[in-house]
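Visitor:
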Amino acid sequence: MRRLLPAFLLLPLAGPRAQEPVMELPEVVVQSRRFEEARSRIAPSLGASVTEITREAIERLPQGEETPLNQVLLQAPGVVQAPQGELHVRGDHRNLQYRINGVTIPEAISGFGQLFDARGLRSVSLITGALPAQFGYRTAGVVDIRLRSGAQEPGGTASLYGGSFGTFQPGLSYGGGSGRFEYFLSGSMLRSDRGFENPTAARTVPRNATEQFRGLLNAAYALDDRTRLALIAGGNASRFEVPMVAGGSSPFTAFGRSSFDGLDPRARQWQRTGFGVLALQHSRDALDVQISGFLRRSTVSYLPDVLADLLGTGVASSVGRRNTAIGLQGDAAWRVAERHTLRAGFFLSRDETANRLASTVLPLDVSGGTLDAPFTITERDRVTQSLGGLYLQDEWRPLERVTVNFGARLDGVRGPASGSQLSPRLNVVWNVSDATTLSAGYARYFTPPPAELLARPDLARYAGTTLEPEVARAGAVRPERAHYFNLGLRHRIGERLTLGAEAFWRDVRDLQDLGQFGTAYVFSPYNYARGRVYGTELTAAWRGERWSFHGNVTLSRSEGKGLVSNQYFWSAAELAQVARKFVRTDHDQAVSASAGASWRAWEGGTLSATLLYGSGMRRGFANSESVTPYVTMNLGVAHRFEGPDGGRWTARLDVLNVFDRRYQLRDGTGIGVGAPQFGLRRGIFAGLSRSF
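So for the sequence shown, full-length UniProt numbering puts the first residue at 1; every next one is plus one.
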């Protein structure tokens, strides 16, 4: 079942046009389009739920191409916003698979939500539901990214954007092609006084600045009319100050001090991610093949303010984590008959994670109080994990209006947690009429633990200190195994209104979740013995002559029972509660909604608006409560014009959180929640760009 945001946000051209002369396209453009079409035949999403956001739709959002990827995806149904650019999709925490031009890229330590801005994207699709056999490992959703082509979009754009919170963001993109070669590159720099979410409701807090650099390259060379070699490379380097609320007296005494008065905490965190992909694509008659190799390297470093952290929590931990992933992927599609298309492929990868943890702690006396004698405990370990998988599936059309996509995957993981599984998949799509489509799907999922987040702590070393866990157990994180069911209906009323509804259910063994345990913005995984996730999505879209609208509402519930790994993150009371009954996961949000509208108000001018609603994620003992619901609205106006130099210019003005809503994403309580985190206050931003 497919949802197209371009149909929601794009504005049709007014009036009929006179017939224009036919223009013959250069050979490099024809080749580029031919290879793009061949690659799309390899990776269909038949039966799954697809929300596609095209380049044109992105440019009509408030912020336009300055929008980070995670903010673009928030317009899709079932997506919940979370701190640090994280996304929760259909009741899952992260567990997203990122594919760039058909190649799977393992997720970074800090996630991929803010690795890209929209500058280099041709389109991005979120694929959810019962996924075909081609998609494995990360199954909450597939973020399918298509990059811009220099052959099809030659030229470039230089832009300058900024405004509230000391935001300054210049950017540049340029692409072209010559003969058999094409390329497109983009880059941007961001400087802001609001790096992480504020720990208070204030507009700004001290020591929360960030500097971020992003870059992306997409290049391809046609070896002949049937074969193309492509190179994709990108990266992000970010520096953050970590804000802290500190004042008054402390329950601890460290280095002779027991008060925050006069302190100016200066904790910092660095995040770096880089990746490269080399892909060979070949098409011949009814056969399309792509073989890809990839390399991804990701690091996170957190340097605490030792005194402030000791006074605040009794612990000051310096964290260093480095992950390197290397792999090989192959996919092929063979149109064996008019009604049958066979697809098959493999995936191999190896991750290595190096962890360094230096924790300054206070010793405990016989009564459980602390002594002012700080000392440091240092741990280093290295974790490796290997993945391997094969899939085979058949897209079969037994009737003119019925299509069946059935197949299976065989996956295995070796590392701290080892296991394997054969996972059948089945999707059926019935076009009841030209206006109505029904879809149903089943998928068996096998989800290995996230290699980039794995660590093996030596808990015995922390006995008798402020870092001694209440529960001294650290069971190994396990692969998650699930049965997933999806049922969908899509109906078009007339030529302008489209309605949709989907229901999903996931029955899980060893449900994986993530939590932030400590001051560093680094997540750690753990498992519930059993889990169940279910919900309903409702969508609507209307398109008029000069304006369009889209909206969606998701009702969902995510809960788990029993803890079987990394129990030391939890208190004894929480473990006992979870052993007795199902509890809501920390990222569960009962109601999520988003909406957007776009209006071509004048020639070259567009007004746009987006809205987000959340009933609030979990808080309190064993996640028994939720934070306050919130609604935020963003507005944008953009105008394209010809400048005095004859160039094509675009000016834009955006207001985010128009009504200056004060709202919390987290309040610092609940399982796996490290600190209070407030959403963005009202911000006013402006930008100017020139195409060349």
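We put the CB at the ideal spot given by N, CA and C, even for glycine. Since this is a predicted model, take the numbers as computed values, not measurements.
Considering just the uninterrupted stretch of the alpha helix (DSSP H) at N70, what are its terminal residues?
Guide: L69 to L73
Visitor: Report the three-state DSSP secondary structure of L467 (helix, strand or coil).
Guide: coil
Visitor: What residue ranges within the stretch 98-168 form continuous beta strand (DSSP E) runs of no fewer than 3 residues, ordered along the chain?
Guide: 103-105, 121-128, 141-147 and 155-163
Visitor: What residues match up with E211 in a beta bridge as DSSP calls it?
Guide: R191 and R239
Visitor: According to DSSP, what are the bridge partners of P363?
Guide: T465
Visitor: Figure out for me which residue from P479, G330 and N323 has the closest Cα to the Cα of V383.
Guide: N323
Visitor: Based on DSSP bridge pairs, tell me the residues matched to A267.
Guide: Looking at the DSSP assignment, A267 forms a beta bridge with V242.
Visitor: Under DSSP, the alpha helix (DSSP H) around T628 begins and ends at which residues?
Guide: T628 -> no alpha helix (DSSP H), and no H or E assigned at all.
Visitor: What is the DSSP secondary structure of A579, reduced to helix, strand or coil?
Guide: Here A579 sits in helix by DSSP.
Visitor: Compute the beta-carbon to beta-carbon distance between V300 and T360, rounded to the nearest angstrom, for a pair I have assumed lies under 8 Å.
Guide: That pair is no contact at about 19 Å.
Visitor: May I have the straight-line CA-CA distance separating R690 from F196, to the nearest angstrom?
Guide: 31 Å
Visitor: Rounded to a whole number of angstroms, what is the C-alpha to C-alpha distance between N95 and F406?
Guide: 23 Å
Visitor: Just the C-alpha distance for H491 and A686, rounded to the nearest angstrom, thanks.
Guide: 39 Å
Visitor: Residue range of the beta strand (DSSP E) that A337 falls in?
Guide: From DSSP, the beta strand (DSSP E) with A337 extends over V315 to A337.
Visitor: Can you give the Cα-Cα distance for E603 and P304, rounded to whole angstroms?
Guide: 53 Å
Visitor: Just the Cα atoms here: how many angstroms apart are G535 and A482?
Guide: 16 Å
Visitor: Contact between the stretch 550-569 and the stretch 143-152 is defined here as three or more beta-carbon pairs at a separation below 8 Å; is this criterion met?
Guide: no
Visitor: Which partner residues of V673 appear in the DSSP bridge assignment?
Guide: Its beta-bridge partners do not exist; DSSP assigns none.
Visitor: For a test of the three-state rule: what should DSSP assign to E400, helix, strand or coil?
Guide: The three-state reading of DSSP puts E400 in coil, since its state is none of H, G, I, E or B.
Visitor: Would you kindly work out how many angstroms separate the C-alpha atoms of G78 and V631, rounded to a whole number?
Guide: 16 Å
Visitor: Please name the residue, chosen from E153, T498, T403 and G330, that lies closest to T436 on a Cα-to-Cα basis.
Guide: T498
Visitor: When you compare only the Cα positions, how much space is there between G368 and T465?
Guide: 9 Å
Visitor: Comparing alpha-carbon positions, which option in E59, R138, R648 and A520 lies nearest A443?
Guide: Of all alpha-carbon atoms in E59, R138, R648 and A520, the one lying nearest the alpha-carbon of A443 is that of R138.
Visitor: Suppose you measure from the CA of R600 to the CA of T51; what does that come to, to the nearest Å?
Guide: 23 Å
Visitor: If we call anything under 9 Å between Cβ atoms a contact, is A455 one with A472?
Guide: No, they are not a contact pair.
Visitor: Would you decide whether F659 is buried or exposed? Buried here means 16 or more other CB atoms lie within 10 Å of its CB.
Guide: exposed
Visitor: What would DSSP say about F406, mapped onto helix, strand or coil?
Guide: strand
Visitor: Report the option in P398, Q385 and G500 whose CA atom is closest to the CA atom of A417.
Guide: Q385
Visitor: How many whole angstroms separate the CB atoms of T57 and T128, which I take to be in contact at a CB cut-off of 8 Å?
Guide: In the sequence as presented, Thr is not what sits at residue 57; that position holds Ala. Between T128 and A57 the Cβ distance is about 18 Å, and since that is not below 8 Å, they are no contact.
Visitor: Look up M617 in the DSSP assignment and give the residues it is bridged to.
Guide: None, per the DSSP bridge assignment.
Visitor: Given a threshold of 16 other Cβ atoms within 10 Å of its Cβ, counted over all protein chains shown, does P449 qualify as buried or as exposed?
Guide: buried
Visitor: Residues in its own chain within less than 8 Å of K581 by CB, not counting five upstream and five downstream?
Guide: K561
Visitor: Enumerate in chain order the residues of its own chain whose CB-to-CB distance from Y173 is below 6 Å, with the five nearest sequence positions on each side excluded.
Guide: It should be noted that the sequence gives Ser, not Tyr, for residue 173. Closer than 6 Å at the Cβ level, and outside the excluded window around S173, lie R119, G156, T157 and S186.
Visitor: How would you write the range of the beta strand (DSSP E) that A503 sits in, first residue to last?
Guide: L497 to G515
Visitor: Which whole-angstrom value describes the C-beta separation of L514 and F523, a residue pair presumed to lie in contact below a C-beta threshold of 8 Å?
Guide: Confirmed, about 4 Å.
Visitor: Can we say the stretch 218-236 touches the stretch 266-285, given the rule of at least three CB pairs closer than 8 Å?
Guide: yes
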